[in-house]
Structures are given as C-alpha cells and as structure tokens.
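Numbering (the working numbering), first residue to last: 637 to 908.
All C-beta atoms in this analysis are idealised placements derived from N, C-alpha and C, irrespective of residue type, glycine included.
For clarity, every value in this text was computed on a predicted model and none was experimentally measured.
Please read the structure below before turning to the comments.
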Amino acid sequence: MNPQQLELTIGWLYPNLMSTYGDRGNVICLQQRAQWRGISVKIISLDEQAPTAEIHNVDILMGGGAQDRQQEIVMRDLRGIKADTLREKIEAGTPGVFTCGAPQLLGHYYEPAIGQRIEGLGLFDMVSKHPGADSRRCIGNVVFELTASPLAQDLEATLGTKPIVIGFENHGGRTFLGNVEALGRVVKGYGNNGEDGTEGAVYRNAIATYSHGPLLPKNPFVADWLIQTALTQKYQTPVPLKPLDDTLAIQARNAMFKRLALTHLIKEPLHC
Ligand code: GLN
C-alpha cells in the first residue's frame, strides 16, 4: 500500500489529567515516526468532553501517568458506555500503551495511599495497591527485558537481539498480576512491585507499564510495533514500515546502559 494513503488516529486519554513525567512525548514520538514514513496522523483527546463515539475512531490508544487524585477524577468519568467502548476497543486488539497510573486503572482496582479504593476497568487481571504514605516510592531508571509473547519474539526477529526496554519509574502503587502475562522481566529497578521481578503486563495488543521515559522515544522499536500493529488492524493487510535512522536514540540508549553499569547490553543494530 502507498503510505501516502494511510492514516492513523491516536486517541490520547485525558491529556490534561494524565501526563506526568513527559508521557506526552510518547504521543509526539508516535506521530513523528508515522509522519516520517508519509502516514497521516490525527490526535484526538479522549477527555471528559469527548463524545463516546470518538473512541470508536481510534487506531492507537495512549494513556499516561497521573497522581492518585487525578486517577480518581478520571475513573469518575470513565464509566458506563464510555468504559464499555474502551473495553471493546482493547478486546478487539487496538494497540496501545498505558503508563503507570493508566494501567492501575485497567486492572480490577487501585488502592491509593489515602482515600477509597478506585475501581478499574477490570480488563487486565491485576490489582494495584499503595502500601501507605510513609512507604518508599519506587523511583529511578528501570531496565527490563521484554518477554511477553508473541511481542518479544516479533521484536527479537526485527532487532536481531533481545528487546531491552529502558524507562524511568516513579510510583507508590505496587501492581500484582493474576492471570495476565507480564510485559517483561526486570533487569534494574522495581517494576510492578519490587518483589517478583515482573514489569508491566500485556493484554491483547495493549501494553501496561510503569515505564515513563517517555517510553517510546527511548525504545523506538516499541513505537514502530504500535504503528505496524495499528496499520495491520486497520487495513487488514501487513504494511511494511520503512526503516528510520535511529542513531541518536541508540546513542542515548547506550549512554544509559553505560551509566547503569549494563554495558553488556550495548549490542544494538543501527536501525530499529
Ligand atoms: N498514582 C500512582 C502511584 O503513585 C501513579 C503515579 C504515576 O503515574 N507516576 O502509584
């Protein structure tokens, strides 16, 4: 297919309430990497004012982090038909990334440090709990090997090496997985709960992660997977993506591996 005829709509969940630690960079990264390939991109805000019908038109879903207070406001809005439509989109395989506070809302519930339990959408079989205002937050750079299947195998085939994700985490809540696959295995940092070595979760094509970063500019292969998956879903045919020059991103990744004493992970091809 001619890329000039392709277009993608990114649905950005509650941009004013949920975009801590530069999560909007994920949306910018997706937009730019699609446009560099001649694919048109439309970004729509799925906020309190957005009519539910807008959710139907979305090809990629993006949700960022938030503080407990904002998460509560979001979940007060995300109910009834709006919540059902979002559930249907994710069940139908719409790809997306949900960071930190956002995945806490996709599980069964989130128990904040102060206040009532916030009921989630129940899409991911997982729960999140804040152990209390006095407990240590999970803050710092995080590195994990992406292991979820078939995502990890697909990325390994493209990259020629195991997909290693670099991010930055800052969360009080701890997430515990039930019958849902982890996104990856922690190499450095806390991940879901600082105890079991898991990081994030994947359900259908929806990625839940504690990795800010923002995630996608630091790990452009994840951005390309989202674009590719969205195009395949939309046009019902595989659309090969033109490789981009990711020299700068790779240099930044390598600098980070060095800083974190993970130099053995520096073995990346030039193009993602
Ligand atoms: N409120 C959540 C927590 O502290 C999420 C924070 C965030 O999105 N960075 O666990």
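Of all the options the options, which has the alpha carbon lying nearest to the alpha carbon of residue i?
{"i": "Leu-880", "options": "Arg-673, Gly-661, Gln-667, Arg-660", "result": "Arg-673"}
{"i": "Ile-709", "options": "Asp-659, Tyr-650, Ala-686", "result": "Tyr-650"}
{"i": "Asn-841", "options": "Leu-813, Thr-730, Tyr-871", "result": "Thr-730"}
{"i": "Asn-638", "options": "Val-663, Arg-669, Ile-675", "result": "Ile-675"}
{"i": "Arg-660", "options": "Ser-681, Ile-754, Asp-720", "result": "Ser-681"}
{"i": "Gly-796", "options": "Leu-666, Leu-741, Ile-646, Lys-903", "result": "Lys-903"}
{"i": "Leu-791", "options": "Leu-862, Asp-832, Val-733", "result": "Leu-862"}
{"i": "Gln-887", "options": "Leu-782, Asn-855, Ala-689, Leu-819", "result": "Asn-855"}
{"i": "Asn-707", "options": "Asp-683, Thr-873, Ile-691, Asp-720", "result": "Looking at the sequence provided, one finds Gln at residue 707 rather than Asn. Measuring from the Cα of Gln-707, the nearest candidate turns out to be Asp-683."}
{"i": "Thr-656", "options": "Glu-690, Arg-705, Ile-646", "result": "Arg-705"}
{"i": "Gln-641", "options": "Phe-734, Val-875, Leu-896", "result": "Val-875"}
{"i": "Arg-712", "options": "Ala-686, Ile-754, Ile-726, Glu-727", "result": "Ile-754"}
{"i": "Lys-725", "options": "Ala-689, Gly-743, Tyr-745", "result": "Ala-689"}
{"i": "Leu-896", "options": "Gln-869, Gly-820, Asn-828, Ile-802", "result": "Ile-802"}
{"i": "Gln-685", "options": "Leu-714, Gln-667, Ile-646", "result": "Leu-714"}
Where does residue i sit, in a helix, a strand or coil, going by DSSP?
{"i": "Glu-833", "result": "Here the sequence assigns Gly to residue 833, which means Glu is not the residue at that position. Coil, per DSSP."}
{"i": "Thr-895", "result": "In the sequence as displayed, the identity of residue 895 is Arg instead of Thr. Looking at Arg-895 - three-state DSSP - the assignment turns out to be helix."}
{"i": "Asn-652", "result": "coil"}
{"i": "Met-698", "result": "strand"}
{"i": "Met-637", "result": "coil"}
{"i": "Leu-906", "result": "With a pLDDT of 49 at Leu-906, under the threshold of 50, the modelled position of this residue cannot be trusted; read the value that follows with caution. Leu-906: coil per DSSP, three-state reduction."}
{"i": "Glu-755", "result": "strand"}
{"i": "Asn-693", "result": "coil"}
{"i": "Glu-684", "result": "coil"}
{"i": "Leu-714", "result": "coil"}
{"i": "Lys-798", "result": "coil"}
{"i": "Cys-736", "result": "coil"}
{"i": "Gly-803", "result": "strand"}
{"i": "Gly-658", "result": "helix"}
{"i": "Ile-664", "result": "helix"}
{"i": "Gln-782", "result": "Note that residue 782 is Leu in the sequence shown, not Gln. Looking at Leu-782 - three-state DSSP - the assignment turns out to be strand."}
{"i": "Thr-645", "result": "strand"}
{"i": "Ile-675", "result": "coil"}
{"i": "Ile-726", "result": "helix"}
Using 7 angstroms as the threshold, is the C-beta distance between residue i and residue j below it?
{"i": "Leu-653", "j": "Ala-702", "result": "yes"}
{"i": "Leu-852", "j": "Asn-662", "result": "yes"}
{"i": "Gly-825", "j": "Glu-805", "result": "yes"}
{"i": "Phe-812", "j": "Val-763", "result": "yes"}
{"i": "Val-822", "j": "Phe-780", "result": "yes"}
{"i": "Leu-722", "j": "Ile-696", "result": "no"}
{"i": "Gly-833", "j": "Leu-782", "result": "no"}
Excluding the 5 residues preceding and the 5 following residue i in the sequence, name in chain order all residues of the same chain whose CB lies nearer than 6 angstroms to its CB.
{"i": "Leu-901", "result": "Ile-800, Phe-893"}
{"i": "Glu-817", "result": "Ala-784, Val-838"}
{"i": "Ala-769", "result": "Ala-749"}
{"i": "Cys-736", "result": "Gly-701, His-807, Tyr-846"}
Taking 8 angstroms as the limit between beta carbons, can you name the residues of its chain near residue i, skipping five residues before and five after?
{"i": "Gly-658", "result": "His-848, Gly-849, Pro-850"}
{"i": "Ala-738", "result": "Leu-649, Met-654, Gly-699, Gly-700, Gly-701, Ala-702, Ala-844"}
Tell me which residues share the same chain as residue i and place their Cβ nearer than 7 angstroms to its Cβ, disregarding the 5 neighbours each side in the sequence.
{"i": "Lys-765", "result": "Glu-747, Gly-809, Arg-810"}
{"i": "Thr-865", "result": "Pro-731, Asn-841"}
Closest Cβ-Cβ distance between residue i and chain B: below 7 angstroms?
{"i": "His-744", "result": "Within the model displayed, chain B is absent; a lone protein chain is all it includes."}
Alpha helix (DSSP H) runs contained entirely in the stretch 806–880, provided each spans 4 or more residues: Qualifying alpha helix (DSSP H) stretches, in chain order: 851–854, 856–871.
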